[in-house]
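Here the protein sequences come in this chain order: A and S. Residues in the first sequence are numbered consecutively from 1, following my numbering. Residues in the second sequence are numbered consecutively from 1, following my numbering. Heads up: the structure comes next, in C-alpha cells.
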Amino acid sequence: MSSSNQKITPFHGGLHLDGHKQVSTQTPIASIPVPQYLHIPVPHNSEVTATVGEHVLRGQALTTSSNSMTPAIHASSSGTVRAIEMHAVVNRSGQLLDCISIETDGNDKSIEPLAALKPSADNKQECLDRLRECGIVGLGGAGFPTAIKVATDKSIDTLIINAVECEPYITCDDMLMQEQASRVINGAETLASIVSAKEVLIGIEDNKPEAIKAMQAAASNAERGKIVIVPTIYPSGGEKQLIQLLTGKEVPSGGLPADLGVVCVNTATATASYDALHQGLALTERIITVTGAGVKKPGNYLTRLGTPISKLLDFAETDHKVYQQLRMGGPLMGIPVKDTSSPVVKITNCILAEAAQPQHAEQPCIRCGDCVRVCPAKLLPQQLYWFTRATEFEKAEDHGLFDCIECGCCDYVCPSNIPLVDYYRHAKFEANNIKSERIRSDRARIRFEQREQRLERKAEEKAALRAAKLKKLKEREEAKAAQQEGTQDNKQDEIAAALARVKAKKEKTND
Amino acid sequence: MLVAVIALVSLAGIFGLLLGFTALKFKVEGDPVIDQIDALLPQTQCGQCTYPGCRPYATAIANGEADINQCPPGGEVTIVALSDLLGVEAKPLNDDHGTHEDIPTVVIVQEDICIGCTLCIQACPVDAIIGGAKQIHTVIEKECTGCNLCIPPCPVDCIDIIPRPTAAAIWHPPLPGGPVTGANPS
Chain A
1 MSSSNQKITP FHGGLHLDGH KQVSTQTPIA SIPVPQYLHI PVPHNSEVTA TVGEHVLRGQ
61 ALTTSSNSMT PAIHASSSGT VRAIEMHAVV NRSGQLLDCI SIETDGNDKS IEPLAALKPS
121 ADNKQECLDR LRECGIVGLG GAGFPTAIKV ATDKSIDTLI INAVECEPYI TCDDMLMQEQ
181 ASRVINGAET LASIVSAKEV LIGIEDNKPE AIKAMQAAAS NAERGKIVIV PTIYPSGGEK
241 QLIQLLTGKE VPSGGLPADL GVVCVNTATA TASYDALHQG LALTERIITV TGAGVKKPGN
301 YLTRLGTPIS KLLDFAETDH KVYQQLRMGG PLMGIPVKDT SSPVVKITNC ILAEAAQPQH
361 AEQPCIRCGD CVRVCPAKLL PQQLYWFTRA TEFEKAEDHG LFDCIECGCC DYVCPSNIPL
421 VDYYRHAKFE ANNIKSERIR SDRARIRFEQ REQRLERKAE EKAALRAAKL KKLKEREEAK
481 AAQQEGTQDN KQDEIAAALA RVKAKKEKTN D
Chain S
1 MLVAVIALVS LAGIFGLLLG FTALKFKVEG DPVIDQIDAL LPQTQCGQCT YPGCRPYATA
61 IANGEADINQ CPPGGEVTIV ALSDLLGVEA KPLNDDHGTH EDIPTVVIVQ EDICIGCTLC
121 IQACPVDAII GGAKQIHTVI EKECTGCNLC IPPCPVDCID IIPRPTAAAI WHPPLPGGPV
181 TGANPS
C-alpha cells in the first residue's frame, strides 16, 4: 500500500519559504566520533542514580523518576562520571542546568540490550514501560514523552507519522528516510501495534522526492503504512496542521489528537521506538543537521547525546567568523545557542549557523492584519499583542492565546518587526501564573476559613465546658447545703428527743 | 376609565405579590458583592490593610469603609480588578500599608534555632506551620501565603523570609522591549 490519493485538506494561513534543504542532503549521514566529554542534562523531577567516579556503560540509565512523565536518561558512551554540576545548555532562559559529565574511555562498551518485546494488544503497559525506560521522547523538537502520547485509552483509528519536516534548513528526517526507510516503516508498525491503529498515514512534504521514493518502496511490503504527499507550506509539520491536512479534522482548542482518534508521532521517534522495543536499545544518539553560513561540510551527523555543539561544528568544518548567530532548530522556531559548550540533547534536530541579517528595531503595530492572514491557528495575533501589552492576559486567553503553536509565521510577516511570539510566550507565562496563584489563593481562603471555624468551635466548646463545670459546682454546693441543712434538722430532732427524754425522766422522778 | 384603573391596580397587586414571593423564596444568602471582592483578594490574610484578614477587608470595601488600594500583596493587579468590579477609578497602592513585591515569598524556620514554643503556629492564619510544644516547627511551603505574621511572635527570631522556591526557579519569559517611537531608522 503506497498510493497517495489521500484527500488533502489545507489549513489556514502558513508561509511559502525557501527550504535551503539541498545544501545538507548532498552527503550521506556521517557519524561524529565520541567526544572526550559528554554532558547530559538531568530532567526535572528526576533523581540522579549515577555517582561521581562511577564507571558507566553506554545505555546505562543515569536517573530515575517516580513521575511517569519523566523518561530516563542514559549514558551515551562508556566512561567515568566526572561531575554532576551546573553546565550551560541551550534554552531560552540562559539558565544553567544540572548535567552529568562523563569522561569517555574510548571503548564505547554497551550494556546488554533488553529482551526484544513484540507489541500487541495484550502487553501495552509493558511496551509503555519500555518506551519510558529507554528514554523515548518526541524527537521532532517538542520532546514530549512518547509513552504518554501512546498511553491513551481512547480508541485510535489513525497513526500519523510526521515526516513533513517543514522548517527550512532541517533535513535529518529526510536523510533518515532516504537511508533507512525500512526502519521508519518498522517503527510505524511498532507504534501502530501499541495503539491498535487501523491505518498508518505517513505525511511527507513534496520537496523531498528522494525520501518519498524510498519510503514508497519500503511501504509497499508493509501491512499498514500509506505515504501521503503534502504541499510544502510552513508549518504543515505542526501536529495540529498535519492532522488537518491528512484527516480533514481539527483538533479542538484545549483538546488532544487522541480525542479525534489520532496519534501523531515524528519519524525519528518512530525509529527510536522500534529500537527500544525490538532491539532493546535506549535512546543514546540521534541524527542532527548541521548547516548554514560558514559550515563547509553541511550535512547530517549521527551524534551521541551530550556531545558539545562545538564538536559538531568542528566536525562540519565551520568557520566561526562567518556566521552571526547559532540556533538549535530551524530559523523560525529554533532557540539561540549562547554557549557552544552546550550539549546536544534529544530534541536537537538541527544546528543552524545564521548569517548576519539586517536588524530592524521594533516599530508600532499598524494593524495591517498580515499576521491574521498567515496564522495557522486562525488566531488574531495583533489582538493578542495588544492584550499582552495592556497586561490583559485573561482576555488574551479568551482570544485563544493557548492555541498559539509559536510557529513564528506572524513574526516573519510583520512589517513592523514586532517579535510577536516573544510577547505570546510572556503572556502564556503570565496567564498560567495568574491561574496558579488563583488556585493557591483559593486554597489559602479555604484554610483560613476552616481555621476560623475551628477557633470558633474551640471557643464554643470551651465555653460549654466551663458552663458545664460551673453547673456541676453549683449542684454540688447545693447538695452540700441541703445535706448540712438535713444534718442540722437531725441534730435538732435529737436535741428535742433528748430534751423530751429528760423531761419525761424529770416528770417520772417528780411523780 | 374605571376599568383601566382596576386593571392597573390589580396588575400592580399581582406583581407586588410575585416580587414579594420571589424575594422570600429566592433569598440570597450572604452578600454576593463581598464574595466577589473576596475572590479577587490574594488571600494572604496578612492584615496589612489593617483588617484581620481578606474577608474582613472585602466586607469593609463593600460597606465603603475601606479604599481599594490597601492591599500590598495584591498590588496593581488586584487594584485594577477591584476597580473593574466596583466601577471606581483605579489608583496607585497606598504606601502606608506596604510595598508590592514582584517575587512571592514564603517563610522558613531555622530548625537549629527553633525552641518549639508554638507561638508561630498560633499566629499562622492558614495553619501552614506544623510542630508540637518543644518540638521543632516547620513551614509547609505549599500552603504558606507569605503574610509574615509568624515573624513578630517568634522569641528567638528563627523565621526567615525567602523567595518562594517554586516561583523563583522558573524562568520568566520577559516582555520584549516595545516599539521604538520616532523616525523609522531604515
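Using N, Cα and C, we set each Cβ at its ideal position, and we do this for glycine too. Being a predicted model, the structure only gives us computed values, none of them experimental.
Nearest-angstrom Cβ-Cβ length linking residue i and residue j, presumed shorter than 8 Å
i: C409/A; j: C375/A; result: 6 Å
i: V34/A; j: R373/A; result: 48 Å between Cβ atoms; not a contact.
i: T158/A; j: G261/A; result: 6 Å
i: H320/A; j: G294/A; result: 7 Å
i: N221/A; j: T289/A; result: Actually they are not in contact, since the Cβ atoms of N221/A and T289/A sit about 29 Å apart, beyond 8 Å.
i: V81/A; j: A61/A; result: So it is not a contact: roughly 13 Å between Cβ atoms.
i: E362/A; j: G177/S; result: 6 Å
i: L82/S; j: I37/S; result: 7 Å
i: C127/A; j: I194/A; result: 5 Å
i: E103/A; j: Q26/A; result: No, E103/A and Q26/A are not in contact; Cβ-Cβ is about 35 Å, not under 8 Å.
i: E223/A; j: E189/A; result: 7 Å
i: I108/S; j: D160/S; result: 5 Å
i: G135/A; j: L283/A; result: 5 Å
Local Cβ density within 10 Å of residue i, reported as buried at 16 or more and exposed below that
i: L18/S; result: exposed
i: D430/A; result: For the record, residue 430/A in the displayed sequence is Glu; it is not Asp. Its Cβ being crowded by 16 or more others within 10 Å, E430/A is buried.
i: P43/A; result: buried
i: I170/S; result: exposed
i: F26/S; result: exposed
i: P185/S; result: Note that P185/S has pLDDT 37, beneath the 50 cutoff, so the model's placement of it is unreliable and the number below is only indicative. Burial call: exposed.
i: N186/A; result: buried
i: R183/A; result: buried
i: P174/S; result: exposed
i: M175/A; result: buried
i: H16/A; result: exposed
i: G16/S; result: exposed
i: E29/S; result: exposed
i: G19/A; result: buried
i: L8/S; result: exposed
i: V88/S; result: exposed
i: L499/A; result: exposed
i: T64/A; result: exposed
i: D259/A; result: exposed
i: E397/A; result: buried
i: Q492/A; result: exposed
i: L2/S; result: exposed
i: A197/A; result: buried
N- and C-terminal bounds of the alpha helix (DSSP H) containing residue i
i: P381/A; result: P381 to R389
i: I6/S; result: L2 to K25
i: I37/S; result: P32 to L40
i: C410/A; result: C409 to V413
i: L191/A; result: C172 to V195
i: C350/A; result: Per DSSP, C350/A belongs to no alpha helix (DSSP H); it is in the beta strand (DSSP E), C350 to E354.
i: P56/S; result: C54 to A62
i: A396/A; result: F393 to D398
i: I204/A; result: Element bounds for I204/A: not the alpha helix (DSSP H) but the beta strand (DSSP E), E199 to E205.
i: C371/A; result: D370 to V374
i: T146/A; result: T146 to V150
Range of the contiguous beta strand (DSSP E) that encloses residue i
i: N510/A; result: That residue, N510/A, is in no beta strand (DSSP E); its alpha helix (DSSP H) goes L420 to N510.
i: K124/A; result: Unbroken run through K124/A is the alpha helix (DSSP H), K124 to E133; no beta strand (DSSP E).
i: C99/A; result: L97 to T104
i: P163/S; result: I159 to P163
i: A163/A; result: T158 to A163
i: I335/A; result: I335 to V337
query = Between the region 409 to 426 of chain A and chain S, which residues of the former have a C-beta closer than 8 Å to a C-beta of the latter?
reply = Near chain S, meaning a CB-to-CB distance below 8 Å, the residues of the region 409 to 426 of chain A are S416, I418, P419, D422, Y423, R425 and H426.
Quiz item: Where in the region 79 to 151 of chain S do unbroken runs of the beta strand (DSSP E), each at least 3 residues long, occur, reported from the N-terminal end onward?
Solution: The region 79 to 151 of chain S contains these whole beta strand (DSSP E) runs: 105 to 109.
Complete beta strand (DSSP E) runs within the region 21 to 84 of chain A (minimum length 3 residues, chain order)
37 to 41, all fully within the region 21 to 84 of chain A.
Margin query: Along the region 120 to 131 of chain S, where does the CB come closer than 7 Å to a CB of chain A? Name the residues.
Written below: Listed by position along the chain: P125, V126 and D127.
Q.
Taking beta-carbon pairs under 9 Å, can you tell me which members of the region 354 to 374 of chain A lie near chain S?
A. If the cut-off is 9 Å between Cβ atoms, the region 354 to 374 of chain A has P358, H360, A361, E362, Q363, P364 and C365 near chain S.
- Query: Quick one: complete beta strand (DSSP E) runs, 3+ long, within the region 272 to 330 of chain A?
  - Reply: Inside the region 272 to 330 of chain A, DSSP marks whole beta strand (DSSP E) runs of 3 or more residues at positions 285 to 292, 299 to 304 and 325 to 328, from first to last along the chain.
Q: Name, going along the chain, the residues of the region 97 to 121 of chain S whose beta-carbon falls closer than 7 Å to a beta-carbon of chain A.
A: Answer in chain order: no residues at all.
Review point. Between the region 86 to 99 of chain A and chain S, which residues of the former have CB atoms less than 9 Å from a CB of the latter, in chain order?
Key: Against chain S - using a Cβ distance shorter than 9 Å - the residues of the region 86 to 99 of chain A are N91, R92, S93, G94 and Q95.
Could you tell me which uninterrupted alpha helix (DSSP H) segments, each at least 4 residues in length, are contained entirely in the region 207 to 276 of chain A, listed from first to last along the chain? Runs of the alpha helix (DSSP H) inside the region 207 to 276 of chain A: 209 to 219, 239 to 247 and 267 to 274.
### Residues of the region 144 to 155 of chain S whose Cβ lies closer than 8 Å to any Cβ of chain A, in chain order
Going along the region 144 to 155 of chain S in chain order, one finds T145 with a Cβ nearer than 8 Å to chain A.
(Q) Give me the subset of the region 445 to 458 of chain A whose CB atoms are less than 7 Å from a CB atom of chain S, sorted by chain position. (A) Here the close residues are R445, R447, F448 and R451.
- Task: Quick one: which residues of the region 54 to 81 of chain S get their C-beta closer than 9 Å to a C-beta of chain A? List them in chain order.
- Result: Within the region 54 to 81 of chain S, the residues whose Cβ lies closer than 9 Å to any Cβ of chain A are, in chain order, C54, R55, E76, V77 and V80.
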